[in-house]
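Following: one structure in structure tokens, then a few remarks.
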Amino acid sequence: MFRPAGLGPFLAVALAAVLAAPAAVAADAPAYNFSPVNQYNLKVSASFWNPIVRYVSHKSGVRLNLKLGRTSADTTSFVLAREVDFAFTNHLFSPERMKMGWTVFGRRDAAPVQAQIVVPADSPVHSLADLAGSTVVFPGPEALIAYKVPYAQLLRDKIAVTTVFAGNMDAAFTQLFSGRAKAAGANSQLVQNYAARENKAFRVLWSSAPFNDLALMASNRVAPGQLRAVAQAFLGMDKDPEGRRILQAAGELVRAPEPVRFVAASDADYAAYHQFYQAAPAELR
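Residue numbers for the sequence shown, in my numbering: 2 to 286.
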């Protein structure tokens, strides 16, 4: 069952993010849509990414347009429909989607993340077994770390739950702390960010093995020279005063525990994702 939470006030922001094109880039510059997975609510996601997209467009000479859907699943649908050519995602590592020909060129330089199942710190729930027959909220059906990995664990443990999708991680936490769900599937990095931003405390019932943070990826329709220019702009942000200022503001916005910056990466950095899909239940592949 899909229950989007708290999206109404942010629809105008999302629309602006989809339509905005950085003015500093020449009108005849090559243009591509860029879709980062919705890790936060729409207002925070747009505020985080718009300055970065403007910077990368200006530095690379390749115009990127931020294209955000209402939910993380909506945003991924743009990628699957080939409406975008750059993405920040971990939704493209299944064997079937690997055939689409996307290339990893970078990632956020952050500690590996873990899939988690969490409850409020004062919850009477102390084990996964306590969740049997209860409602567990997840950001969306495409969320590998926050849905597929924790839900696979519940399936392995034969713990039947009612699954609810909130649309993004912030909305899932809102449902958790309002009492509409007993637990949430989550990304450990976003648990930390939300706890710091909203002054909330969590209890972790279960954590997975580590996975690298989301990947910066490009489709096979991007010309090599343009991909190289965009990659250099992302990877050089922390070495440029203007780029550092933008990254610092982005980190402060989401209460990131470490400075935000991007580093080079390749498909080899995502071996843990491929291993998950090799052993995952068929319904989650």
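Beta carbons: idealized from backbone N, C-alpha and C, even for Gly. A quick note: this is a predicted structure, and the numbers were derived from the prediction, not measured.
Selection R262, H127, P96, V165 evaluated against Q276 yields P96 as nearest (Cα-Cα). The shortest CA-to-CA distance from K183 to any of R245, R109, V57, F174 is the one to F174. Less than 8 Å divides the Cβ of E143 from the Cβ of S73. Here the alpha carbons of V150 and R229 stand approximately 33 Å from one another. By the C-beta density criterion, A257 is buried, having at least 16 other C-beta atoms within 10 angstroms. With a minimum length of 3 residues, the unbroken runs of beta strand (DSSP E) contained wholly in the stretch 152-225 fall at 163-166, 184-188, 203-212, 216-219.
Counting only the Cα atoms, A196 lies some 19 Å from H127. Listed as beta-bridge partners of S36 by DSSP are A88.
Going by C-alpha positions, D86 is about 15 Å away from V57. Look at the beta carbons and you see the stretch 88-105 touching the stretch 203-219: at least three pairs across the two are nearer than 8 Å. Cβ-Cβ separation between A116 and I146: approximately 5 Å, consistent with a contact (criterion under 8 Å).
As a beta-bridge residue in DSSP terms, N66 pairs with N34. Each residue's CA atom was taken as its position, placing S124 and T104 some 42 Å apart. If you keep only unbroken alpha helix (DSSP H) runs of at least 4 residues inside the stretch 245-283, you get 272-280. The Cβ atoms of A234 and K60 lie closer than 8 Å to each other. When C-alpha distances from V261 are compared across P211, R245, Q193, the shortest belongs to R245.
Boundaries for R286: no alpha helix (DSSP H) harbours it, and the DSSP string shows neither H nor E there. By the Cβ rule, the stretch 32-43 does not count as touching the stretch 237-244, because fewer than three pairs are nearer than 8 Å.
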